[in-house]
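Our numbering puts the first residue of the sequence shown at 24, with every later residue one more than the last. Note that CB positions come from ideal geometry on N, CA and C, so glycine has one too. Only a predicted model underlies this, so the values are computations on that prediction, with no experimental measurement involved.
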Amino acid sequence: MTLKLGNIFFITIMLLAMLMGCDRAQEMISDTTPEATAIDDTMPEMAMETIPVKFVLLIDYPEGGKDAYLAQVASIAETLQSPEEVVRIRSYDNQDPEMSPHRLVEYDFKSFLDAATYLNRPEIAAALADLPNHSTKVATYTFIQDVDYTYAKEEEGDWQIKYVYLIDYLLGGKQAYLEYAEDVSTVLIPPAQLKAIASYDNYYGGSPHRLVEFEFASQEDAAAYEALEEVIQTAEAQLEIQAGNWSQVLHKFELRSDYIKE
């Protein structure tokens, strides 16, 4: 059966309807909007088929804590990892266990079609629909990689530390942000401590508008990177440029081995 790329929107809506039918009172946040199908119709199909997609879950553990969440993960991990459409699944813990979100889970796909096919599988839909029963808060976002953007770096490796920036543009702020990012890329990208950096746009255009990820081999490398004089100066200069143009939230995560597909 051939899936229309717009089905990813309807699949998510169906999942949300199932989630809202749960007896317990959980909080479910999604970035899907009614305008999503219009985005599908206007983008060239070939481009959509080749742009990498990242499906992101930000999770707060249930009342039983991390152990209760991991027990549920153990029961569904094989189901979620088996389909060929998903290229990679990575799971991370917040470095500050008291800070929300407690966990980041990322599903990587080569295209919208692969993502839609994966989410349309009955066993996947059922597993995701049950997730709020095993957490106190779940936020889901769909991002497309900004493959043409110069703010990128990728070295092969199993990087343990991920800094995640969730960025919202203010009125007219996207262009200011993109110009700023291009200007500082020559400073932020070259240091050896930084192993990978990637930028993503929110597929549905909602909040957060952009996801930017910095990856490091260890916490020591991450700390050394932050201590570099050029990085400190760039961060200080950003505050003035950022004001009135965009807002951002930083979360620091550490890779876990309990829920991974490579």
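At what residues does the beta strand (DSSP E) containing L189 begin and finish? I184 to Y192
If R126 sits next to N117, beta carbons under 8 Å apart, how far is it from one beta carbon to the other, in whole angstroms? 7 Å
Less than 8 Å between the beta carbons of L234 and L189, yes or no? yes
Under a Cβ-count criterion, where at least 16 other Cβ atoms within 10 Å of its own Cβ denotes burial, should S98 be classed as buried or exposed? exposed
Would you call V79 buried or exposed, if buried means 16 or more other Cβ atoms sit within 10 Å of its Cβ? buried
Euclidean distance between Cα positions of D137 and E107: 9 Å
Reduced DSSP category for Y227 - H, G, I as helix; E, B as strand; rest coil: coil
Any 3 or more C-beta pairs closer than 8 Å across the stretch 241–260 and the stretch 208–216: yes
Of the residues E121, D181, L151 and D224, the one placed nearest T165, counting alpha carbons only: D224
Under three-state DSSP, which class holds I212? coil
Cβ-based burial, S139 [other Cβ within 10 Å; buried from 16]: At residue 139 the sequence reads Ala, which differs from the Ser that was named. Flag for A139 reads buried.
C-beta contact flag for G196 and A240 at 8 Å: no
Check S270 in the structure and name its three-state DSSP category. strand
Straight-line CA distance for I169 to S222? Note that residue 169 is Asp in the sequence shown, not Ile. If I take the Cα positions, the gap works out to 6 Å.
Contact set for E146: own chain, Cβ-Cβ below 7 Å, skip 5 residues either direction: T102
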